[in-house]
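Quick note: to get my numbering, add 2 to the position in the sequence shown (first position is 1).
Glycine residues also receive a C-beta, built at the ideal position from the N, C-alpha and C atoms.
Quick notes on the structure that follows.
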Amino acid sequence: MLALYRKYRPATFADLIGHEVIVRILQEAARQDRIAHAYLFSGPRGTGKTTIARLIAKIANCEARQKQLAEAPMSKGGQNPNRSVGSEPCNACHACKSIDIGNALDVIEIDAASNRGIDEMRALKEHVRVSPSVLKHKVFIIDEAHQLTKEAANALLKTLEEPPSYVIIILATTEIEKIPATIASRTQKFQFKHPTLKIIIEKLKKIASAEKIKISDDALELIASSGEGSFRDAESLLDQMISLKGNEITTEAIESTLGKVGFHKIANFAEKILKGELEGTLDYLSNIAEEGTNLVQLTKDLIIHFRNTAVLKFDPMMSVHLENELVGEHLQKIKGHSKLFKNSHIETLKNLLKAYGQMRYSNFPIIPLEIALIESLNQKTA
Ligand SMILES: Nc1ncnc2c1ncn2[C@@H]1O[C@H](COP(=O)(O)OP(=O)(O)O)[C@@H](O)[C@H]1O
Ligand SMILES: [Mg+2]
Ligand SMILES: [Zn+2]
């Protein structure tokens with residue numbers, strides 16, 4: 003079975019979520035049939051770099067699109083006046099299909115992390131010299147481009163200086179600062195940003211409904227937040243949960259698979275701390291620990307909850323930012339907690355941060371957390 007993240011990889015620019023500016027520029031280039039010879043995509047993993055690279059490969063080679071463009075009436079400036087003509091691949095012609103399946107000989111994906119050497123780049127140079135075998139353009143997608151060796155980068159540079167007219171080179175990297183300026187300056191550069199949690203949840207929701215999976219918003223949020231800003235990671239986790247649990251996925255099932263608790267448990271925990279209930283708090287922590295929860299992750303989530311609560315207390319305008327990272331109901335909960343947050347709780351937050359630093363390398367991760375809670379909550383009575 004096809005992995006979900008592949009099944010739901012956007013097949014058109016219209017399907018892509020976010021990256022509006024990048025999409026507008028590329029579609030305009032497509033409309034004018036002026037695709038660049040070299041691109042450099044940078045940004046976090048799972049945000050659409052490979053997806054857009056393949057869209058460019060399809061646009062450059064789509065047979066139906068070529069026909070559309072040739073038939074479209076041109077305005078005086080030689081420009082195609084119809085906004086939609088030529089700006090999407092057809093996804094039905096031989097070229098589009100072979101690229102989607104991944105067996106187009108003329109679309110070459112290279113992982114620079116495992117093909118770092120000069121020999122591979124020499125082979126690439128040779129490859130570049132030979133015209134495409136089937137398609138109109140030969141497209142090289144070089145992933146993790148920052149891993150290329152100096153020699154390999156030099157070889158690539160030669161190609162970028164004088165690319166044959168049929169060649170398109172797309173470099174993708176998660177570490178833009180490691181790309182030599184000489185290479186970067188010969189490309190058109192696009193920076194990809196993390197999608198918000200809300201956006202990832204929306205996509206997961208669509209996938210769940212298409213796959214007829216029963217899953218709550220809470221559970222979707224937990225999956226999305228575990229993806230840490232990567233569509234792919236979130237989609238893969240949803241995939242994994244479907245294999246494990248079938249078509250009904252509960253928050254508890256995700257919690258026990260991940261060893262990470264959902265919003266409600268974090269919120270209950272935080273509420274006990276904010277209300278100063280030392281006994282209830284330690285008991286609650288023990289229960290969570292017995293469920294096999296990763297306590298370092300728990301502390302991290304608790305810190306984020308306290309941080310959100312604090313910033314909202316001191317600056318209510320922060321809700322504009324928090325809206326992107328929280329579903330509505332959860333934001334309401336945090337608003338409630340911000341009313342319980344007192345200046346003294348800044349100390350609690352500091353204690354939690356300190357505990358987090360200690361827990362990560364400790365054989366007894368629960369102890370720094372318990373000490374942080376005791377120190378924070380005991381102060382008022384001592
Ligand atoms: N902007 C996006 N809109 C919708 N889905 C996306 C987007 N970016 C990534 N995805 C999803 O994540 C998967 C991996 O994306 P990919 O383009 O391979 O990421 P990258 O190359 O940046 O690591 C895609 O197959 C798709 O399902
Ligand atoms: Mg990629
Ligand atoms: Zn096509």
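Residue i versus residue j - alpha carbon distance
i, j, result
"V263", "E325", "21 Å"
"D303", "D121", "46 Å"
"E90", "A32", "8 Å"
"P197", "S227", "11 Å"
"H347", "Q334", "20 Å"
"T189", "A97", "25 Å"
"I181", "D102", "28 Å"
"A16", "Y286", "47 Å"
"A384", "V23", "Unreliable positioning characterises A384 in this predicted model, as indicated by a pLDDT of 45, which lies under 50. The coordinate reading is nonetheless provided below. Roughly 57 Å separates the two Cα atoms."
"G330", "H323", "12 Å"
"R56", "G50", "10 Å"
"L328", "I306", "12 Å"
"I171", "E213", "36 Å"
"H332", "T295", "21 Å"
"I373", "G359", "13 Å"
"L240", "I225", "7 Å"
"A38", "I61", "12 Å"
"E163", "G20", "32 Å"
"M3", "S245", "11 Å"
"A272", "I112", "47 Å"
Assigned secondary structure, residue i (DSSP; H/G/I helix, E/B strand, else coil)
i, result
"D35", "coil"
"T383", "Any answer about T383 is weak, because its pLDDT of 48 lies below 50 and its placement is not dependable; what the coordinates show is given next. Coil, per DSSP."
"K138", "coil"
"K214", "coil"
"S44", "strand"
"A174", "strand"
"D113", "strand"
"V130", "helix"
"D17", "coil"
"E250", "strand"
"I181", "coil"
"V169", "strand"
"D145", "strand"
"D108", "coil"
"H323", "helix"
"F233", "helix"
Residue i CB to nearest heavy atom of ligand 3 below 8 Å
i, result
"R33", "no"
"I138", "Ile is not the amino acid found at residue 138; the sequence shown has Lys there. No."
"E65", "yes"
"N93", "yes"
"A97", "yes"
Span of the alpha helix (DSSP H) around residue i
i, result
"S258", "253-260"
"D220", "219-228"
"V313", "297-316"
"Y286", "280-292"
"L276", "265-276"
"D102", "96-103"
"L354", "347-361"
"S340", "330-342"
"V67", "Strictly speaking, residue 67 in this sequence is Arg, with Val absent from that position. Counting along the chain, the alpha helix (DSSP H) containing R67 begins and ends at 65-73."
"L159", "152-163"
"Y7", "6-9"
Continuous beta strand (DSSP E) stretch holding residue i: start and end
i, result
"Q190", "190-193"
Distance cut-off 8 Å: residue i Cβ against heavy atoms of ligand 2
i, result
"A147", "no"
"N60", "Sequence inspection shows Lys at residue 60; the Asn mentioned does not correspond to that position. Checking every heavy atom of ligand 2 against the Cβ of K60, none is found closer than 8 Å."
"R36", "no"
Cβ-heavy atom distance, residue i to ligand 1, below 8 Å
i, result
"A174", "yes"
"S232", "yes"
"E237", "yes"
"G50", "yes"
"T301", "no"
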